[in-house]
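Colleague: Numbering (the numbering used here), first residue to last: 97 to 635. The structure is given below, and queries will be raised subsequently.
In structure tokens:
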């Protein structure tokens, strides 16, 4: 199948790029064919975020979004920023980046479902349930498009299955989200990360609750720092009150943590037991669960955004504004800027194949998006000094230098390089779940509606099958058992047999943490059959 543009990923950046391309074609009276592939069973199935939406980009992309019924139903209300000790909470001044006046608490999944409807109305062809599994190239090395994965191939390859479909495009927009499996290949092939700082990541874990009406305050926003993280480990929480007596609670742990005994999932569960937090959930009911990695490196970790035949947008490149705890409006803006550059490129030479939309990078550097990321570039890397030094520095950077400090702090390490040997660290004694406020991982995965066909080749692949035992278990006490928020990895020992790693791939919620944090980069996350993975409702 041939198109002018193929978009990989149905998140905010990919959908915004697709919509903007069609808008430009309508404005100019030209035709442009746009196809969007989404590996989830539907648009929104794999989307997970807090989320508080800053509507700046939405106002640019679809000015009449209110009339079109955008699901922005809960205006942001009061903001609280708390520092937690194990038993106490101290309210701190809310940083200006966290001022949410004029923003909206949303379900990002439902927002993307609505964006998908807007895209289809302007003529974008959307194919959910199709996973882009391979990048295709022209003879000159430029990107030609993608191929979807085979369907029905047996676990051991004994059943051939139905071959995937090749989609050829003059330009391919990669909007895969954090740690995109195809984007990793593009980084290497086109040396896109040369000159960029290492990317650093966080793992966000989230639950959706229905709470008692008397405990619900629509629009209320709470963020916390401190406990249960130690002073050296980056992390914090969010608590947002949506409509319909629903509350979302989540925790983000920086994946540059050092202690291999740390479990982000267990840290999230015990966070909910804090005296300042647990009251809102009394008598409530947990509705859904999910987890997703996010790219936290900011401006200095952005790769080269363009290459022959394609562009990178959204969190696959890393446009998150960490101090704001927001990436939706930035992802959408990157998609719009890319679409405008791609459209201009194709309009100037309709037959061009494999050209490079270099105008996208120039437009980004001249946009408010670049200014916004530049002003906060030093805040996340300052946290390597510890919580209080970082908070003091961030206050100086924000209030004294106003984001214009004459230096740029660098990210010095990849997250997989930061674990210390287990014998240098103390194990963490996490409390057992009570099944009321705190829960085990498998019951959590159950309510994420995660499903994979069990008779398919494994999508979590080991480059060396011996490494999990000879290195990870021996040196780091098998951290994959703890950093995975879905119980995918288990060390199993049966009788007198040697221990082995068991991979429960059917539990995978596609968070990509294993691909990021594995100390020797031995785990390679590849895309499973389309339609597999979580099916998040209202997340």
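Quick reminder that beta carbons are idealized off the backbone N, C-alpha and C, glycines included. Nothing here was measured: the structure is a model prediction, and the numbers come from that model.
Going by CA-CA distance only, name the one from 263, 537, 421, 592 that's closest to residue 318.
Modeller: Stepping through the chain shown from its first residue, residue 318 is reached at position 222. Of 263, 537, 421, 592, the residue nearest in Cα terms is 421.
Colleague: Quick check: residue 605 and residue 582, are their CB atoms within less than 7 Å of each other?
Modeller: Stepping through the chain shown from its first residue, residue 605 is reached at position 509. Stepping through the chain shown from its first residue, residue 582 is reached at position 486. Yes, Cβ-Cβ distance for residue 605 and residue 582 is below 7 Å.
Colleague: From residue 368 to residue 334, what does the alpha carbon distance come to, in whole angstroms?
Modeller: Reading the chain shown from its first residue, position 272 is the one you call residue 368. Reading the chain shown from its first residue, position 238 is the one you call residue 334. The alpha-carbon atoms of residue 368 and residue 334 are separated by roughly 11 Å.
Colleague: With a threshold of 16 other CB atoms inside 10 Å of the CB of residue 283, please say whether the residue is buried or exposed.
Modeller: Here residue 283 corresponds to residue number 187 of the chain shown, with the count starting at 1. The residue in question, residue 283, is buried, as its Cβ has 16 or more Cβ neighbours within 10 Å.
Colleague: So residue 257 packs on residue 249, CB below 8 Å; how close in whole Å?
Modeller: For the purposes of this step, residue 257 is taken as residue 161 along the chain shown, with counting starting at 1. For the purposes of this step, residue 249 is taken as residue 153 along the chain shown, with counting starting at 1. Contact holds; Cβ gap of about 4 Å.
Colleague: For residue 165, count neighbouring C-beta atoms within 10 Å of its own C-beta (all shown protein chains included) and say buried if the count is 16 or more, exposed if not.
Modeller: Numbered from its first residue, the chain shown carries residue 165 at position 69. Classification for residue 165: exposed.
Colleague: I'd like the list of long-range same chain contacts for residue 271, defined as Cβ closer than 7 Å, with 5 residues on each side in sequence excluded.
Modeller: Within the chain shown, the letter at position 175 stands for residue 271. 103, 104, 105, 107, 109, 110, 113, 409, 410, 412, 431.
Colleague: Quick one: residues in its chain with C-beta nearer than 6 Å to the C-beta of residue 544, no 5 flanking neighbours on either side, listed in chain order?
Modeller: The count along the chain shown starts at 1 and reaches residue 544 at position 448. Taken in chain order, the residues that qualify are 385, 386, 605, 630.
Colleague: Between the Cα of residue 362 and the Cα atoms of 528, 585, 186, 99, which residue gives the shortest distance?
Modeller: Taking the chain shown and counting its residues from 1, one reaches residue 362 at position 266. Measuring from the Cα of residue 362, the nearest candidate turns out to be 528.
Colleague: Using CA coordinates, which residue listed in 182, 557, 190 is at the minimum distance from residue 494?
Modeller: By one-based count along the chain shown, residue 494 stands at place 398. It is 190 whose Cα lies nearest to the Cα of residue 494.
Colleague: With a cut-off of 8 Å on the beta carbons, I'd call residue 393 and residue 507 a contact; round off their distance for me.
Modeller: Counting from one through the chain shown, the residue named residue 393 turns up at place 297. Counting from one through the chain shown, the residue named residue 507 turns up at place 411. At roughly 5 Å, the Cβ-Cβ gap stays under 8 Å, so residue 393 and residue 507 are in contact.
Colleague: Pick out whichever of 608, 510, 119 has its Cα sitting closest to the Cα of residue 275.
Modeller: Translated into positions along the chain shown, residue 275 becomes position 179. It is 608.
Colleague: With 16 other CB atoms within 10 Å as the buried threshold, where does residue 295 fall?
Modeller: The residue labelled residue 295 in the question sits at position 199 within the chain shown. Per the 10 Å Cβ criterion, buried.
Colleague: Can the beta-carbon of residue 354 be found less than 7 Å from the beta-carbon of residue 514?
Modeller: Counting from one through the chain shown, the residue named residue 354 turns up at place 258. Counting from one through the chain shown, the residue named residue 514 turns up at place 418. Against a cut-off of 7 Å, the Cβ pair of residue 514 and residue 354 comes out as a contact.
Colleague: On a CA-only basis, which of 291, 352, 322, 299 is nearest residue 346? Give me that one, please.
Modeller: Indexing the chain shown from 1 puts residue 346 at position 250. If we check each option's Cα against that of residue 346, 299 comes out closest.
Colleague: List the residues that DSSP assigns as beta-bridge partners of residue 171.
Modeller: Along the chain shown, one-based indexing puts residue 171 at 75. Its beta-bridge partners are 200.
Colleague: Is it a yes or a no for the stretch 394-402 touching the stretch 207-218, going by three-plus beta-carbon pairs under 8 Å?
Modeller: Contact fails: fewer than three Cβ-Cβ distances are below 8 Å.
Colleague: Quick test of your reading: residue 438 and residue 101, contact by CB under 8 Å. State the CB separation rounded to the nearest angstrom.
Modeller: Locating residue 438 in the chain shown gives position 342, counting from the first residue. Locating residue 101 in the chain shown gives position 5, counting from the first residue. Yes, residue 438 and residue 101 are in contact; Cβ-Cβ is about 6 Å, under 8 Å.
Colleague: Quick one, are the C-beta atoms of residue 241 and residue 264 less than 7 Å apart?
Modeller: Residue 241 sits at position 145 when you count from the first residue of the chain shown. Residue 264 sits at position 168 when you count from the first residue of the chain shown. In this structure, residue 264 lies closer than 7 Å to residue 241 by Cβ.
Colleague: What does residue 270 pair with, by DSSP beta-bridge criteria?
Modeller: Translated into the one-based positions of the chain shown, residue 270 becomes position 174. 104, 408.
Colleague: For residue 497, count neighbouring C-beta atoms within 10 Å of its own C-beta (all shown protein chains included) and say buried if the count is 16 or more, exposed if not.
Modeller: Walking along the chain shown from the start, residue 497 turns up at place 401. With fewer than 16 other Cβ atoms within 10 Å, it is exposed.
Colleague: Quick check: residue 359 and residue 500, are their CB atoms within less than 7 Å of each other?
Modeller: For the purposes of this step, residue 359 is taken as residue 263 along the chain shown, with counting starting at 1. For the purposes of this step, residue 500 is taken as residue 404 along the chain shown, with counting starting at 1. Their beta carbons are not under 7 Å apart, which means residue 359 does not touch residue 500 by this criterion.
Colleague: Just to confirm the assignment, what range does the alpha helix (DSSP H) spanning residue 365 have?
Modeller: Walking along the chain shown from the start, residue 365 turns up at place 269. Where residue 365 is concerned, the enclosing alpha helix (DSSP H) stretches over 360-367.
Colleague: Just to check my reading of the structure: residue 425 and residue 150 have Cβ atoms closer than 8 Å, yes? What is that Cβ distance to the nearest angstrom?
Modeller: The residue given as residue 425 occupies position 329 in the chain shown. The residue given as residue 150 occupies position 54 in the chain shown. Right, their Cβ atoms sit about 4 Å apart.
Colleague: Using only the alpha-carbon positions, how far apart do residue 536 and residue 365 sit?
Modeller: Mapped onto the chain shown, residue 536 falls at position 440. Mapped onto the chain shown, residue 365 falls at position 269. One C-alpha to the other measures close to 9 Å.
Colleague: Would you check if the stretch 151-160 and the stretch 300-309 touch, i.e. whether three or more CB-CB distances between them fall below 8 Å?
Modeller: Because the criterion of three Cβ pairs below 8 Å is not met, the stretch 300-309 and the stretch 151-160 do not touch.
Colleague: Would you check if the distance between the CB atom of residue 170 and the CB atom of residue 143 is smaller than 7 Å?
Modeller: Your numbering for residue 170 matches position 74 in the chain shown. Your numbering for residue 143 matches position 47 in the chain shown. Going by C-beta atoms, residue 170 is not nearer than 7 Å to residue 143.
Colleague: With DSSP run on the structure shown, which of helix, strand or coil describes residue 337?
Modeller: Locating residue 337 in the chain shown gives position 241, where the first residue counts as 1. In this structure, residue 337 counts as strand in the three-state DSSP scheme.
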